[in-house]
Each structure stands twice: as structure tokens, then as C-alpha cells.
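Peer 1: Residue numbering for the sequence shown follows the numbering used here, beginning at -9 and increasing consecutively.
Quick reminder that beta carbons are idealized off the backbone N, C-alpha and C, glycines included.
Below you will find the structure I want to go over with you.
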Amino acid sequence: MANWVTGKVTDIINWTDSLFSIKLCAPIEKFTAGQFAKLALEVEGERIQRAYSYVNSPNNDNLEFYLVTVPEGKLSPRLAALQKGDELLVTEQAAGFFILDEIPDCQNLWMLSTGTAIGPYLSILQQGNDLGRFENIVLVHAVRLGQDLSYLPLMQQLEKSFQGKLRIQTIVSREKCQNSLTGRIPALIENGEMETAVGLSMQAENSHVMLCGNPQMVRDTRQLLKEQRGMEKHLRRKPGHVTSEQYW
Ligand SMILES: Cc1cc2nc3c(=O)[nH]c(=O)nc-3n(C[C@H](O)[C@H](O)[C@H](O)COP(=O)(O)OP(=O)(O)OC[C@H]3O[C@@H](n4cnc5c(N)ncnc54)[C@H](O)[C@@H]3O)c2cc1C
Ligand SMILES: NC(=O)c1ccc[n+]([C@@H]2O[C@H](COP(=O)([O-])OP(=O)(O)OC[C@H]3O[C@@H](n4cnc5c(N)ncnc54)[C@H](OP(=O)(O)O)[C@@H]3O)[C@@H](O)[C@H]2O)c1
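In C-alpha cells form, the structure reads like this:
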């Protein structure tokens, strides 16, 4: 049974009509970068709870989550309506294995995300621990429209602070956008455009690929990497090249 603590909203950032970030303070136990908490609200006597990845570094007590409003969703529209000072419930302990401890050493670590699933990578990169064992890290954020690149300034800041070790790449699917690739993650891997744009290769011999977000993107990319590149799902008992987390 999860232990719940009360969190207080300290800030809401509305990036677009449907994308927002919630900042809050809550007496949680220390989490590991890449993990998620459950957030909950009591609605008509029922506790509605869903998983959300931490965006902040574990070293930062200002807890941050990046959300999209699913129009017919039970919880996300209610979280979108919260205001500074409002309270919500947070699980005291975080959960999940989408963390660096589960990733084997490699030359190129690819962090691929759609939509709000950039969150866990931002937490890992902001903390910055245990990254010395990768020669290169690539952070990819794929969204529908250019306006959905909410964390681009932070991505750019991180790229600068990593002094060449981190490369960032944005992908926009529904319009042409300067400095972004156009299309979807699996297609841009299949035709080689992503590797050309980034300037690094993605092969079983040199890479590990982390995938996070849209479940169909995760499935399609896993299948492509297996068929085209011979890259297998990574398991503790059988090391491979692909680690993933699906958001629904
Ligand atoms: C490990 C994990 C981490 C997650 N982290 C985040 C996060 O950081 N930010 C975030 O916004 N969401 C995240 N999610 C998704 C989140 O838990 C909820 O599913 C989402 O907010 C929708 O909840 P809802 O009650 O509004 O909709 P529901 O009533 O539960 O769902 C309605 C339908 O919407 C679809 N759906 C669910 N989530 C999404 C989504 N994110 N995008 C598009 N369609 C969706 C599904 O088809 C679902 O059946 C995460 C999920 C998991 C499993
Ligand atoms: N983002 C918004 O502005 C917006 C606005 C209103 C409502 N919503 C709702 O919010 C939810 C999530 O939207 P989202 O934009 O955050 O996430 P999303 O629908 O997962 O889209 C994010 C990115 O993932 C891509 N993608 C989708 N399916 C894929 C697949 N099978 N393989 C590879 N890439 C794939 C999308 O490309 P495509 O564009 O080609 O699908 C897009 O570039 C949806 O329920 C949506 O209805 C979003």
C-alpha cells in the first residue's frame, strides 16, 4: 500500500492550452532520477491517482512534473485546474526502473522521448550523476508542434553545461520547424536522418537506446531497432540495447 503525503502547489506553468508543469513541495522520501510518483486528488469521495515522472533533480526540493491534459481524462484536466496554494496527494516513495542504474555502459546513450516523457531524462541530466561511463549522450524530444517544445531552453542550457558530451535534437511532426527534424522517431531512425543530424551512429556495438512516452512509438521503435539494427530489449538477466517506459 502506498503512503500518501500532502503536497502544496507552489507554481503552475501553462506552456500551451494543453501542456503545463506543476511545481510543488511535499515531504517525500528521496527518489532516484528517472522515477515517477503518483499524484492523486479526492473527487466525490474517490481517490483518483496516476503516475507522473519527476522532472526535477533529486537534489532539488522543488518537485516538478510535466503534464499534458488528456481532454476526456479523469485526472489530468483536474490537475490542470489546480492553482498556487492548492493541495494534492503525492506518494511518499517513488517507483520505477527507468533509471541509470539499469543502463549498461556504452559509447552512445540515446534518450528518446515523445511529449511529456522528456521528464525523466531532464531529471537524470539535471542531477548529472553517473554519466561519465557514456562518451556521448543524445537527448531527443519529439512533439506535434514547435510550441510543444516547452523545455527547449533547459535542453539548450544542459547541452552547454555538458561541454560537448550532450547533444540535443528536437523533432516536430505536424509542421516544419527550424532546427527540428520533421516526422516521427522510428521513421527518422529507419532512414538515417536522426543519426545524420546528430552526427553519431546508433548500432548494437556502440549504443544503448532509452525510449519513453507514447506506447505505440515505443513498440514501433523497439521493433525497428530489433529488425534493422539487431538491438534487443535489455534485461538484467540478458543484457541488450533498448530500455523503455510507456506512459499509457
Ligand atoms: C510510469 C508512468 C509515468 C508517467 N508520467 C507522466 C508524465 O510525466 N506526464 C504526463 O502527462 N503523463 C504521464 N503519465 C500518464 C499519466 O499517468 C496518466 O495516464 C495521464 O495523465 C492521463 O490520466 P487521466 O486520468 O487524465 O486520463 P485517463 O482517464 O486515465 O485516460 C484516458 C486515456 O487517455 C490516454 N492517455 C493516457 N495518458 C496519456 C498521455 N500522457 N498522453 C496521451 N494520451 C494519454 C489513454 O488512452 C487513456 O486510456 C505516466 C504514466 C506512466 C505509466
Ligand atoms: N500536444 C498538443 O498540443 C495537444 C493538444 C490537445 C490535446 N492533446 C492530447 O494530449 C495527449 C497527448 O498528446 P501529445 O502531443 O503530448 O503526445 P503524442 O500524441 O504522443 O504526440 C507526441 C509525438 O509523438 C508522435 N507519435 C505519436 N504516435 C507515434 C508513433 N506510433 N510512433 C512514433 N511517434 C509517434 C506524435 O507524432 P504525430 O503528430 O505524427 O502523431 C508527436 O510527434 C493526446 O491525448 C492528445 O489528444 C495534445
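With 16 as the cutoff for other CB atoms within 10 Å, does isoleucine 161 come out buried or exposed?
Peer 2: For the purposes of this step, residue 161 is taken as the residue at position 171 of the sequence shown. Isoleucine 161 comes out buried.
Peer 1: Does the beta-carbon of tryptophan 238 have 16 or more other beta-carbons within 10 angstroms, so that it is buried, or is it exposed?
Peer 2: Working through the sequence shown from its first residue, we reach residue 238 at position 248. Per the 10 Å Cβ criterion, exposed.
Peer 1: Measuring alpha carbon to alpha carbon, tell me which of Ile93, Cys15, Arg164 ends up nearest arginine 227.
Peer 2: Residue 227 sits at position 237 when you count from the first residue of the sequence shown. The candidate whose alpha carbon is nearest that of arginine 227 is Ile93.
Peer 1: Would you check if the distance between the CB atom of leucine 190 and the CB atom of asparagine 126 is smaller than 9 Å?
Peer 2: Within the sequence shown, the letter at position 200 stands for residue 190. Within the sequence shown, the letter at position 136 stands for residue 126. Their beta carbons are under 9 Å apart, which means leucine 190 touches asparagine 126 by this criterion.
Peer 1: Would you say glycine 203 faces chain D, with C-beta separation under 9 Å as the test?
Peer 2: Of the protein chains in the structure, only one exists, and it is not chain D.
Peer 1: Is the separation between the beta-carbon of leucine 14 and that of lysine -2 shorter than 9 Å?
Peer 2: Residue numbering aside, residue 14 sits at position 24 when the sequence shown is read from its first letter. Residue numbering aside, residue -2 sits at position 8 when the sequence shown is read from its first letter. Cβ distance < 9 Å, so leucine 14 and lysine -2 count as in contact.
Peer 1: Going by DSSP, which residues form a beta bridge with tyrosine 56?
Peer 2: As a position in the sequence shown, residue 56 is number 66, starting the count at 1. DSSP, once it has assigned bridges, lists Ser11 as partnering tyrosine 56.
Peer 1: If we count Cβ pairs, one from each stretch, closer than 8 Å, do we get three or more for the stretch 95 to 103 versus the stretch 63 to 72?
Peer 2: no
Peer 1: Hey, is the stretch 112 to 128 in contact with the stretch 228 to 235, meaning 3+ C-beta pairs nearer than 8 Å?
Peer 2: no
Peer 1: Would you tell me roughly how many angstroms separate the C-alpha atoms of isoleucine 114 and glutamate 36, rounded to the nearest one?
Peer 2: The count along the sequence shown starts at 1 and reaches residue 114 at position 124. The count along the sequence shown starts at 1 and reaches residue 36 at position 46. Straight-line Cα distance between these residues: approximately 33 Å.
Peer 1: Is proline 143 near alanine 23, with beta carbons less than 9 Å apart?
Peer 2: Walking along the sequence shown from the start, residue 143 turns up at place 153. Walking along the sequence shown from the start, residue 23 turns up at place 33. No; because the gap between Cβ atoms is not below 9 Å, this pair is not in contact.
Peer 1: Would you kindly report the start and end of the unbroken beta strand (DSSP E) that includes isoleucine 127?
Peer 2: Residue mapping note: residue 127 aligns to position 137 of the sequence shown, counting from 1. 124 to 133 is the extent of the beta strand (DSSP E) around isoleucine 127.
Peer 1: Should isoleucine 175 and valine 130 be called a contact, given that it needs their Cβ atoms to be closer than 9 Å?
Peer 2: For the purposes of this step, residue 175 is taken as residue 185 along the sequence shown, with counting starting at 1. For the purposes of this step, residue 130 is taken as residue 140 along the sequence shown, with counting starting at 1. In this structure, valine 130 lies closer than 9 Å to isoleucine 175 by Cβ.
Peer 1: Near methionine 184, what residues of its chain come up, given a Cβ to Cβ distance below 6 Å and the 5 sequence neighbours on each side ignored?
Peer 2: Mapped onto the sequence shown, residue 184 falls at position 194. Here the set comprises Leu178.
Peer 1: Alanine 132 and valine 80: beta carbons closer than 9 Å?
Peer 2: Position 142 of the sequence shown, counted from the start, is the residue given in the question as residue 132. Position 90 of the sequence shown, counted from the start, is the residue given in the question as residue 80. Not in contact: alanine 132 and valine 80 (Cβ atoms no closer than 9 Å).
Peer 1: At a cut-off of 8 Å, would you count threonine 0 as near ligand 1, judging by its Cβ distance to the nearest heavy atom?
Peer 2: Working through the sequence shown from its first residue, we reach residue 0 at position 10. In this structure, ligand 1 has no non-hydrogen atom nearer than 8 Å to the beta-carbon of threonine 0.
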